[in-house]
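Participant:
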Amino acid sequence: NSIRAAMASPQQLDKHKFDSQQARRILDRLVGYQISPILWQKVLRGLSAGRVQSVAVCMICERERKIHAFLPEEYWSLTAQLEGDSPPPFFAKLIKKNNKKLLIPDKKASQSILKDLAKASFSVQKVVHKTQKRNPLPPFTTSKLQQDAIRKLGFSAKKTMIVAQQLYEGLELGPGEPVGLITYMRTDSTRIAQEAIDEARQLIEKHFGQEYLPTKPSVFKNKKKVQDAHEAIRPTSVFRKPKDVAQFFSKDQLALYELIWQRFVACQMKPALLDRTSVAISAGPYIFQASGSVMRFPGFTALYTSSNESQNQLADKDTLPPLSEGMSLKCHQLEPKQHFTQPPPRFSEASLVKELEENGVGRPSTYATILTTIREKGYVDMVKGFFRPSELGFIVNDLLKESFPDILNVDFTARMEDNLDKIEEGEINAVAMLKGFYDTFKKDLEKAARAVSYTH
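Under my numbering, think of the first position of the sequence shown as 20, with each following residue one higher.
1. Taking the alpha-carbon of Gly193 as reference, which of Val257, Ile223, Phe268 has the nearest alpha-carbon?
2. Who pairs with Lys145 in a beta bridge, going by DSSP?
3. Secondary structure at Pro29, three-state DSSP: helix, strand or coil?
4. For Pro408, which residues does DSSP report across the bridge?
5. Return helix, strand or coil for Arg153, following the three-state DSSP convention.
6. Out of curiosity, what's the CA-to-CA distance linking His226 and Ile211?
7. Just to confirm, is the Cβ distance from Leu49 to Leu58 under 8 Å?
8. Mind listing, in chain order, the continuous beta strand (DSSP E) runs of no fewer than 3 residues lying wholly within the stretch 35-103?
9. Buried or exposed: which applies to Met401, given that a residue is buried once 16 or more other Cβ atoms fall within 10 Å of its Cβ?
10. Express the C-alpha separation of Gln272 and Glu8 in angstroms, rounding to a whole number.
11. Can you check DSSP and say which residues form a bridge with Val380?
12. Measuring CB to CB, does Lys126 end up less than 8 Å from Gln361?
13. Could you spell out where the alpha helix (DSSP H) holding Leu222 opens and where it closes?
14. Are the beta-carbon atoms belonging to Phe316 and Leu292 less than 8 Å from one another?
15. Given 8 Å as the limit, is there contact between the stretch 374-389 and the stretch 74-88, that is, 3 or more CB pairs closer than that?
16. Would you mind giving the Cβ-Cβ distance between Asn154 and Ser208, rounded to the nearest angstrom? I have them listed as a contact below 8 Å.
17. Within the same chain, show all residues whose beta-carbon is closer than 7 Å to that of Val471, passing over the 5 residues directly before and after it, in chain order.
18. Look up Asp476 in the DSSP assignment and say whether it is helix, strand or coil.
19. Beta strand (DSSP E) containing Tyr305: first to last residue?
20. Would you call Val257 buried or exposed, if buried means 16 or more other Cβ atoms sit within 10 Å of its Cβ?
21. Would you mind sorting Gly455 into buried or exposed? The rule is 16 or more other CB atoms within 10 Å of its CB.
22. With burial defined as no fewer than 16 other Cβ atoms inside 10 Å of the residue's Cβ, what is the status of Ile447: buried or exposed?
23. Taking the straight line between their C-alpha atoms, what separation do you get for Ala25 and Leu200?
24. Kindly indicate which three-state DSSP category Ile447 falls into: helix, strand or coil?
25. Apart from the five residues on each side of it in sequence, which residues of its chain come closer than 7 Å, Cβ to Cβ, to Ala68?
26. By a C-beta neighbour count over all protein chains shown, 10 Å radius and 16 as the cutoff for buried, is Thr432 buried or exposed?
27. Measuring only the C-alpha atoms, how far is Gly228 from Glu218?
28. Which residue or residues does DSSP assign as beta-bridge partners of Phe3?
29. Roughly how many whole angstroms lie between the Cα atoms of Lys152 and Pro290?
30. Going by DSSP, name the residue or residues bridged to Lys171.
31. Where does Gln352 fall in DSSP's three states?
32. Hey, how far is the Cα of Gly404 from the Cα of Gly445?
33. List the whole-angstrom C-beta distance separating Cys286 from Phe141, where the pair is believed to meet the contact cut-off of C-beta under 8 Å.
34. For a test of the three-state rule: what should DSSP assign to Leu439, helix, strand or coil?
35. Is it a yes or a no for the stretch 111-127 touching the stretch 83-99, going by three-plus beta-carbon pairs under 8 Å?
36. So, Tyr398 versus Ser409, is the Cβ gap smaller than 8 Å?
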């Protein structure tokens with residue numbers, strides 16, 4: 020339908036969009052084709068550098084250095100097992116003393132607090148009941164699909180895109196021609212065609228009931244810097260339910276199709292409603308806090324939850340008993356626990372994709388290729404699902420960082436993306452932007468070529 024509508028009303032070529040695309044290609048080639056030969060001379064033949072690829076390696080190396088430099092700090096927590104007028108007992112954490120946030124640095128401080136609490140009376144100071152609304156997430160963009168498929172299905176970014184390509188190109192659902200099952204899988208937009216929204220609403224009303232259908236369709240606003248050339252990733256028809264077409268799919272195709280189908284249908288369902296209770300408990304100058312929640316209405320979570328949470332995690336495991344302000348509480352147990360601060364985690368494929376996207380580095384459609392390239396070139400290893408830089412990765416990163424500080428700078432790379440967007444909007448001239456970049460870049464190239472060679 021969209022193709023027919025477009026053919027019926029052709030538009031003039033938008034030269035600004037063309038110039039933006041050409042500028043992006045030229046930038047990538049200037050960086051890749053002119054830095055890579057320097058790496059061949061100084062480190063090892065066959066290596067490559069890239070405007071986005073090298074920034075990704077830099078992020079992994081910087082994170083690794085932070086991990087090695089990290090010094091853990093000790094701290095303690097204190098949990099009380101309490102009971103009100105009626106069971107069950109519940110747990111509350113110590114958070115304040117004299118209405119100020121309390122930090123327990125060591126065992127000695129912990130023992131001192133336990134001594135104070137041994138003679139304290141526990142009572143409910145304040146009870147707050149709130150209904151929390153959880154809205155459904157937008158349909159998938161490329162980067163969000165990769166993140167969810169990595170976490171939920173254990174796919175790599177590369178595998179996700181290969182399987183998505185198969186679904187997009189189409190499969191034979193019985194006799195006849197192949198049927199395209201999803202919209203284009205390289206997109207940064209959350210826009211949805213009206214006909215797809217109408218289909219989703221029909222399906223929700225039929226299979227879940229009127230109580231799951233919002234009065235108005237959900238519309239998701241795109242973030243800034245979005246090209247919006249394609250719709251969000253969705254099924255070409257929600258009436259092709261995963262269980263109905265499962266026999267024609269491979270295991271991987273079905274898993275990814277079901278993920279896309281569920282996320283899309285869920286985005287047009289009503290929000291989930293949670294009844295949350297928060298309780299402040301006083302014990303002399305000390306304040307403990309307990310919380311609990313109950314799912315009042317599952318809404319979209321009846322069909323889909325993100326990879327970061329399950330339906331059980333939306334509601335707390337511990338349900339609080341009936342509590343009222345001023346109620347005296349019995350303290351059954353006080354449990355002190357030693358902890359140490361943790362270093363920042365290494366990047367997984369999902370968290371690196373998220374970091375690149377949030378920093379405005381590159382385009383989501385290129386992330387799968389970039390993550391594959393940095394592994395194939397030997398810059399990083401995958402250890403238990405997390406990126407760890409190799410010795411070669413550190414050597415190349417340090418050389419590039421010294422010789423091309425702008426190229427390896429996340430903010431600089433993000434500004435380049437902004438400039439490319441401004442070319443598209445007609446705000447700046449493509450040739451002037453490229454010349455401004457190349458004047459500095461050429462000096463860095465000449466300096467790097469003269470620098471002392473590394474040996475590998």
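Ideal placement from N, C-alpha and C gives every residue a C-beta, glycine not left out.
Facilitator: This is what the structure gives:
1. Here the question's residue 193 lines up with position 174 in the sequence shown. With distances taken between Cα atoms, Gly193 lies closest to Phe268.
2. Stepping through the sequence shown from its first residue, residue 145 is reached at position 126. Residue pairing from DSSP places Lys145 in a beta bridge opposite Ala299.
3. Position 10 of the sequence shown, counted from the start, is the residue given in the question as residue 29. DSSP places Pro29 in coil when its eight states are reduced to three.
4. On the sequence shown, position 389 is the one that residue 408 refers to. Pro408 is bridged by DSSP to Val399.
5. As a first step, residue 153 is located in the sequence shown; it is residue number 134 there, counting from the start. In this structure, Arg153 counts as strand in the three-state DSSP scheme.
6. Mapped onto the sequence shown, residue 226 falls at position 207. Mapped onto the sequence shown, residue 211 falls at position 192. So the alpha carbons of these two residues sit roughly 21 Å apart.
7. As a first step, residue 49 is located in the sequence shown; it is residue number 30 there, counting from the start. As a first step, residue 58 is located in the sequence shown; it is residue number 39 there, counting from the start. Cβ atoms of Leu49 and Leu58: not closer than 8 Å.
8. 93-102
9. Within the sequence shown, the letter at position 382 stands for residue 401. Result: exposed.
10. There is no way to answer for residue 8, as the model of the chain reaches only from 20 to 475.
11. Looking up residue 380 in the sequence shown gives position 361. Bridge partners of Val380: none, in fact.
12. As a first step, residue 126 is located in the sequence shown; it is residue number 107 there, counting from the start. As a first step, residue 361 is located in the sequence shown; it is residue number 342 there, counting from the start. The answer is no: Cβ separation not under 8 Å.
13. Walking along the sequence shown from the start, residue 222 turns up at place 203. Here the alpha helix (DSSP H) through Leu222 covers 213-226.
14. Working through the sequence shown from its first residue, we reach residue 316 at position 297. Working through the sequence shown from its first residue, we reach residue 292 at position 273. Yes.
15. yes
16. Stepping through the sequence shown from its first residue, residue 154 is reached at position 135. Stepping through the sequence shown from its first residue, residue 208 is reached at position 189. Rounded, the Cβ-Cβ distance is 19 Å, inconsistent with contact.
17. For the purposes of this step, residue 471 is taken as the residue at position 452 of the sequence shown. In this prediction, Val471 has a pLDDT of 47, which is less than 50 and means its spatial position is unreliable; what the coordinates show is noted afterwards. Cβ neighbours of Val471 beyond the five flanking positions: none.
18. Summary: the structure shown does not reach residue 476, with the chain confined to residues 20 through 475, and so no result is reported for it.
19. Stepping through the sequence shown from its first residue, residue 305 is reached at position 286. Tyr305 -> beta strand (DSSP E) spans 305-316.
20. To locate residue 257, count along the sequence shown from 1; it is residue 238. Buried.
21. Indexing the sequence shown from 1 puts residue 455 at position 436. By the 10 Å Cβ count, Gly455 comes out exposed.
22. Working through the sequence shown from its first residue, we reach residue 447 at position 428. Buried.
23. On the sequence shown, residue 25 is found 6 positions in, with the first residue counted as 1. On the sequence shown, residue 200 is found 181 positions in, with the first residue counted as 1. Whole-angstrom Cα-Cα distance: 21 Å.
24. As a first step, residue 447 must be located in the sequence shown, where it is residue number 428. Correct three-state label for Ile447: coil.
25. Your numbering for residue 68 matches position 49 in the sequence shown. Correct list, in chain order: Val50, Gly51, Ile54, Ser55, Leu58, Leu419.
26. Here residue 432 corresponds to residue number 413 of the sequence shown, with the count starting at 1. Buried, because 16 or more other Cβ atoms sit within 10 Å of the Cβ of Thr432.
27. Within the sequence shown, residue 228 is the residue found at index 209, counting from 1. Within the sequence shown, residue 218 is the residue found at index 199, counting from 1. Between Gly228 and Glu218, the C-alpha separation is close to 14 Å.
28. Only positions 20 to 475 of the chain appear in this structure, which leaves residue 3 out of reach.
29. As a working note, residue 152 is residue 133 in the sequence shown. As a working note, residue 290 is residue 271 in the sequence shown. Roughly 6 Å separates the two Cα atoms.
30. Walking along the sequence shown from the start, residue 171 turns up at place 152. DSSP lists no partner for Lys171.
31. On the sequence shown, residue 352 is found 333 positions in, with the first residue counted as 1. Gln352: strand per DSSP, three-state reduction.
32. Residue 404 sits at position 385 when you count from the first residue of the sequence shown. Residue 445 sits at position 426 when you count from the first residue of the sequence shown. Looking at the two C-alpha atoms, the distance is approximately 43 Å.
33. Translated into positions along the sequence shown, residue 286 becomes position 267. Translated into positions along the sequence shown, residue 141 becomes position 122. With 8 Å as the limit, Cys286 and Phe141 do not qualify as a contact, their Cβ atoms being about 45 Å apart.
34. In the sequence shown, counting from the first residue as 1, residue 439 sits at position 420. Looking at Leu439 - three-state DSSP - the assignment turns out to be helix.
35. In short, these stretches touch, since the Cβ pair count reaches three.
36. Numbered from 1 along the sequence shown, position 379 holds the residue referred to as residue 398. Numbered from 1 along the sequence shown, position 390 holds the residue referred to as residue 409. Between Tyr398 and Ser409, the C-beta gap is smaller than 8 Å, which places the two residues in contact.
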